[in-house]
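J.: In the UniProt record's numbering, the protein residues as written are 1 to 220.
Pasting a structure below so you can have a look.
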């Protein structure tokens with residue numbers, strides 16, 4: 001692993017009434033600490049600095065990439081890996097009106113295994129995020145996706161979170177000229193790779209994660 005840059009993995013905090021914006025702020029503090037102390041970690045940010053996270057951790061990784069851009073973090077984040085990410089709120093109350101019609105996965109996958117709409121509502125209602133805050137909702141007005149690093153997406157076809165990730169990837173790529181790599185897992189639910197690890201598709205997901213990291217480091 002000596003040829004790899006540092007990887008920063010966003011871990012979702014236990015949900016409690018102070019999680020927002022604490023989770024995002026803590027994640028960014030950890031990212032800044034890792035950047036400032038890379039030598040103590042035996043890492044070389046000049047070879048790439050990637051932030052990564054699954055599900056709610058994907059939300060934190062996306063938010064951290066925005067904060068790092070805004071604060072001109074040095075050394076900079078050079079890549080983002082978003083695995084089945086949560087990027088907005090299921091109510092779409094603070095979501096661009098022109099894109100609301102594209103978000104149909106909440107309805108289509110509302111009864112999906114592992115994560116359906118009922119469990120998504122339970123988690124987010126407990127988290128109680130500020131829907132207008134970019135520390136949670138990357139689509140909150142005024143959203144700004146300009147100048148973000150190359151981003152790797154892994155999206156499940158039977159996931160309520162599918163369409164927000166697909167839209168974010170498309171906007172980054174088409175409107176903001178950000179390099180993206182997208183892997184889709186048709187017919188598979190949120191988090192299948194961890195909850196049904198013996199599936200061939202689960203092995204493929206893990207292999208894609210490794211290849212996606214390699215791709216991000218190659219973009220440096």
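Ideal placement from N, C-alpha and C gives every residue a C-beta, glycine not left out.
Just so we're clear, the structure is a prediction, and the values are computed from it rather than from any experiment.
Indicate whether the contact test is met: 3 or more Cβ pairs, each with one atom in the region 190-197 and one in the region 109-126, closer than 8 angstroms.
T.: Result yes; three or more Cβ-Cβ pairs closer than 8 angstroms.
J.: DSSP three-state call for residue 57: helix, strand or coil?
T.: Taking the first residue of the chain shown as 1, we reach residue 57 at position 57. Note: residue 57 maps to helix in three-state DSSP.
J.: Quick check: the Cα distance between residue 93 and residue 40, rounded to an integer number of angstroms?
T.: Residue mapping note: residue 93 aligns to position 93 of the chain shown, counting from 1. Residue mapping note: residue 40 aligns to position 40 of the chain shown, counting from 1. Approximately 44 angstroms, taken between the alpha carbons.
J.: For the region 153-172 against the region 87-107, do three or more pairs of beta-carbon atoms, one drawn from each stretch, fall closer than 8 angstroms, so that the two count as touching?
T.: Verdict: yes, contact present.
J.: Ignoring anything shorter than 4 residues, give me the alpha helix (DSSP H) runs that lie fully in the region 62-120, in order along the chain.
T.: Listed in chain order, the complete alpha helix (DSSP H) runs (minimum 4 residues) inside the region 62-120 are 105-108.
J.: Figure out for me which residue from 68, 162, 134 has the closest Cα to the Cα of residue 54.
T.: Residue mapping note: residue 54 aligns to position 54 of the chain shown, counting from 1. Ranking the options by Cα distance to residue 54, first place goes to 162.
J.: So residue 183 is in the beta strand (DSSP E); what residue range does that whole segment cover?
T.: For the purposes of this step, residue 183 is taken as residue 183 along the chain shown, with counting starting at 1. From DSSP, the beta strand (DSSP E) with residue 183 extends over 180-185.
J.: For the beta strand (DSSP E) that contains residue 151, what are its first and last residues?
T.: As a working note, residue 151 is residue 151 in the chain shown. Element bounds for residue 151: 151-156.
J.: Does the distance from the CB of residue 66 to the CB of residue 155 come in under 8 angstroms?
T.: Counting from one through the chain shown, the residue named residue 66 turns up at place 66. Counting from one through the chain shown, the residue named residue 155 turns up at place 155. Taking 8 angstroms as the Cβ cut-off, residue 66 and residue 155 do not qualify as a contacting pair.
J.: Would you be able to state if there are at least three C-beta pairs under 8 angstroms between the region 174-189 and the region 140-152?
T.: In short, these stretches touch, since the Cβ pair count reaches three.
J.: Just how far apart, CA to CA, sit residue 198 and residue 158?
T.: Within the chain shown, the letter at position 198 stands for residue 198. Within the chain shown, the letter at position 158 stands for residue 158. Looking at the two C-alpha atoms, the distance is approximately 19 angstroms.
J.: Let me make sure I understand the geometry here. Which of 83, 44, 28 has the alpha-carbon closest to that of residue 68?
T.: Within the chain shown, residue 68 is the residue found at index 68, counting from 1. That would be 28, whose Cα lies nearest to the Cα of residue 68.
J.: Can you give the Cα-Cα distance for residue 209 and residue 48, rounded to whole angstroms?
T.: Against the chain shown, residue 209 aligns to sequence position 209. Against the chain shown, residue 48 aligns to sequence position 48. Taking the straight line joining both Cα atoms gives about 16 angstroms.
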